[in-house]
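For the sequence shown, the positions run 4 to 78 when this note's numbering is used.
In this text, a Cβ means the ideal position worked out from N, Cα and C, and glycines have one as well.
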Amino acid sequence: MNSSSSENQWQQHQINLSGEAVAHLVKLAQQPGWWEYVKARARELDRDESRLFVDIEQQVVQRLQALAWRPPPRA
């Protein structure tokens, strides 16, 4: 296997991992009581030094907007 193929596989792994994390956080956000956790976790993953989750917070928000989901009003 050459280095180009290896790099391509690593990039694909990053995309899959990030996509799975976005899907998981979107699903959680839609459950009552989980919105604050989802926001905090997405920000935490955005700051992860591995750079596996670049722009995950933005992706979660965009996916939720596409679903016409709105966060609950603050108490």
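Let me make sure I understand the geometry here. Which of ALA43, GLY36 and ARG77 has the alpha-carbon closest to that of GLN61? Comparing Cα-Cα distances from GLN61 to each of ALA43, GLY36 and ARG77, the minimum goes to ALA43.
Start and end of the alpha helix (DSSP H) containing ALA43? 38 to 49
Can you tell me which of the three DSSP states GLN33 falls into? If DSSP states are grouped into helix, strand and coil, GLN33 belongs with coil.
Same chain, Cβ closer than 6 angstroms to ASP49, neighbours up to 5 away in sequence not counted: ILE59 and GLU60
Given ARG73 as reference, the closest of VAL25, PHE56 and GLU39 once Cα atoms are compared: GLU39
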